[in-house]
Amino acid sequence: MINALAGEALGLDHGPSGRVVAGVVAGNGQIRNGSGFSVARTGTGHYLLSFQPAFETLGGAAITQIYSGDGDTRDNAVILRIDARQVLIKTGDGNGAQSDRDFSFVALGQGAKPA
Numbered sequence: 000m001i002n003a004l005a006g007e008a009l010g011l012d013h014g015p016s017g018r019v020v021a022g023v024v025a026g027n028g029q030i031r032n033g034s035g036f037s038v039a040r041t042g043t044g045h046y047l048l049s050f051q052p053a054f055e056t057l058g059g060a061a062i063t064q065i066y067s068g069d070g071d072t073r074d075n076a077v078i079l080r081i082d083a084r085q086v087l088i089k090t091g092d093g094n095g096a097q098s099d100r101d102f103s104f105v106a107l108g109q110g111a112k113p114a
């Protein structure tokens, strides 16, 4: 449901094969919201997000860290590697050290939707 709502909210019309995958992931790697993907926490601050099924073509993805309180712009999340099957994400603290953090993401592309 969140993925359909994300596409509508963004005003996206990718035709019959257009697809939006969005979600919220906890610092321990648990999926808090979203569908069409799985997550593996591969190490401190490292997460491998796998699209299910993979996109035929991936238009792009964006990620942001979720930080309680006032936040700190140095606390961040970055994409290390991306392709139509998966995204490798790194999150870190205000000193630049990798650290487990909650994050949200959205990925857009073409391909079959989950069954």
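Residue numbering for the sequence shown follows numbering that gives the first Met the number 0, starting at 0 and increasing by one per position. Note that beta-carbon positions come from the ideal geometry of N, C-alpha and C, so glycine has one too.
Rounded C-alpha distance that separates residue i from residue j
i      : j     : result
Ile1   : Val23 : Residue confidence is low: Ile1 scores 47 on pLDDT, short of 50, so the model does not pin down where it sits. No coordinate-derived value is stated.
Gly91  : Arg18 : 29 Å
Ala114 : Ala96 : 39 Å
Leu9   : Thr41 : With a pLDDT of 49 at Leu9, under the threshold of 50, the modelled position of that residue is not reliable, and no figure is offered here.
Gly44  : Ser16 : 33 Å
Residue from the options with nearest C-alpha to residue i
i      : options                       : result
Val105 : Gly58, Asp69 and Gly68        : Gly58
Pro52  : Ala83, Asn94, Gly28 and Lys89 : Ala83
Continuous beta strand (DSSP E) stretch holding residue i: start and end
i     : result
Gln97 : Per DSSP, Gln97 belongs to no beta strand (DSSP E) and is neither H nor E.
Phe36 : Phe36 to Gly42
Cutoff 8 Å; reference residue i; Cβ partners in own chain excluding five residues on either side
i      : result
Ala60  : Ile78, Ile81, Val86, Phe104, Val105, Ala106 and Leu107
Asp71  : Gly93
Glu146 : Outside the shown range of the chain (0 to 114) lies residue 146, about which nothing can therefore be said.
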